[in-house]
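Taking it in order: structure first as structure tokens, then the write-up.
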Amino acid sequence: MTEKNYRKWFEQCRFGLFIHWGLYAMRSAHEWQQSFDKMPTGEYEKLYFNRFEPDLYDPVQWAETARSAGMKYVVFTAKHHDGFCMWDTKYTDFNSMKAPLCRRDLIGEAVTAFRNAGIKIGIYYSLPDWHHPNYVIDARHPLRDNKVERDYLPYREFLHNQVMELMQKYSPDILWFDGDYPDTRHIWDAEELNRKIREANPDILVNRLPGFSDFLSPEQNIPDGNDNMVCWEGCQVFRGSAWGYNRDDDHCKSSKEIVQMLIRHVSKGGNLLLNVGPDARGNFPETMTERLLEVGKWMRLHSRAVYNCTMAPAGIIPPQDCHYTWNPETARLYLHLFSYPDRRVRLCGINAEDVEYAQLLNDASFLALGVAEDRININGAVDQAGSLIVNLPVKQPDVAVPVVELFMKRK
Ligand code: GLC
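Take the numbering used here: the last position of the sequence shown gets the number 1283, and nothing is skipped along the way.
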């Protein structure tokens, strides 16, 4: 993990939108479905490529939804494992410009729309490619039952060319690779690819390129702790357990669950990259749009407990059902109350003398502070007298997660 100044913007943003969109939206099951179905690429093309018609695709609307939700960057699937390219690439005809009912540069349009909304651009590019005739038939390939040897060098060249083309055309802030496995790692020539990428843009952030990633990328989980303050981004599904559109899967996280998830990420010094799988006409599922706008309502009042924040200084253990985020520059500590305490909350490890002022963040209303006079045992740890006590209103603020803002004395 390299220490870089330019990763700063990334850690300040904290909240991003992942978009898994491609032909697999038409299959409405899983972005890996072609592999699960063992469907040869010819058949896949005939079924989906020829009928892909995203007539309702409006990236300006998508960007507006993301902006309203408080998201500061987007990561867009330019090519997933099926090999379908969502941009105007000169290296294959299997792309959205050439799809007869589409004929649009979907990535190009998204990049313009999201940039205009002040959102940073990440491009996801799959290292495996089930469409390319020189991509090896590995254990996950749709043709795995008919194994033949393939010369992968032309595929390596294609991959390098496409990545450089994406960089040149769209100048992404992040290149997000996916699908590296130990048995195919030799194909990419990650070292040379990395060299070319950094030469073209020394400020770019690279993810999941084996050996050359700028941040850790846990998927559908988060680290237990982060004592070394590493840079990380958790990518999480919105619905079910997969990434692409699925009409039958209606378990969607609530806005409260998403807000809580975001807080858990930031409280461990990480980013949340939350995924949406649009349908094949180009719409976000309606429930997701609604939930994102609800998250935006919370963010409007609480974003300063998210942006520029990280984990609390060592030794400060949050009360039960609470999480801390911390802005070291403003010296403000945020206590996120996942369940609402009975009138008062004792903050173990925080000396009352170190706190100047406290308020509810949603409406900046004053909170009276007190000092704990007793020494107690909490969760097996002793808390000395002198800890801070925050007195809370009886009535819980009407927000997804109430937040107490503590102004700490600068040391
Ligand atoms: C997993 C999935 C892949 C998805 C990725 C997102 O690797 O297999 O389909 O794109 O997660 O992080």
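Backbone N, C-alpha and C define an ideal beta-carbon position, used for all residues, glycine too.
Who are the Cβ neighbours of E1245 in its own chain at under 8 Å, not counting the five residues just before and after it?
A1257
State yes or no: is the C-beta of G1221 within less than 8 Å of the C-beta of I1188?
yes
Which residues count as close to ligand 1 when the rule is a CB under 5 Å from any of its heavy atoms, in chain order?
Counting every residue whose Cβ lies closer than 5 Å to a heavy atom of ligand 1, we get E903, E1091, C1107 and W1115.
Assuming C957 is part of the alpha helix (DSSP H), what are its boundary residues?
C957 -> no alpha helix (DSSP H), and no H or E assigned at all.
Determine the extent of the alpha helix (DSSP H) in which A1062 is found, giving its start and end residues.
A1062 to A1072
Cα separation between R1282 and L1260?
16 Å
Could you check whether Y929 and L1313 sit closer than 8 Å to each other, using their CB atoms as the reference points?
The shown model of the chain, from 873 to 1283, leaves out residue 1313, and the question about it has no answer.
Taking the beta carbon of P1150 as the centre, do at least 16 other beta carbons fall within 10 Å, making it buried, or is it exposed?
buried
If contacts are defined as beta-carbon pairs under 8 Å, then F948 and L895 qualify, I think. What distance do you get, rounded to the angstrom?
Beta-carbon to beta-carbon, F948 and L895 are separated by about 15 Å, too far to satisfy the 8 Å threshold.
Can you name, in chain order, every residue of its own chain whose Cβ lies under 7 Å from the Cβ of L1278, other than the five neighbours on each side?
R1204, L1205, L1207, V1227 and A1230
Apart from the five residues on each side of it in sequence, which residues of its chain come closer than 8 Å, Cβ to Cβ, to V1273?
Sequence-distant partners of V1273 (beyond 5 residues in either direction) whose C-beta falls short of 8 Å from its own C-beta, in its chain, are K1128, V1131, Q1132, I1135, W1170, H1174, H1208, L1209 and F1210.
Which residues does DSSP list as the beta-bridge partners of V946?
L889 and I993
Could you tell me which of Y1053, R1111 and G990 sits nearest to Q1092, measuring between CA atoms?
Ranking the options by Cα distance to Q1092, first place goes to R1111.
Pick out whichever of L1146, Y1212 and T1182 has its Cα sitting closest to the Cα of P1191.
Y1212
Rounding to the nearest angstrom, what Cα-Cα distance links A938 and D1255 in this structure?
42 Å
What do you reckon, are the CB atoms on F887 and L1077 nearer than 8 Å?
no
Among E1064, I991 and I995, which residue has its Cα nearest to the Cα of W959?
I995
Taking the alpha carbon of W1002 as the reference point, which residue from Y916, N1143 and D1075 has its own alpha carbon closest?
Comparing Cα-Cα distances from W1002 to each of Y916, N1143 and D1075, the minimum goes to Y916.
Where DSSP assigns a beta bridge to I1248, which residues make up the other side?
D1255
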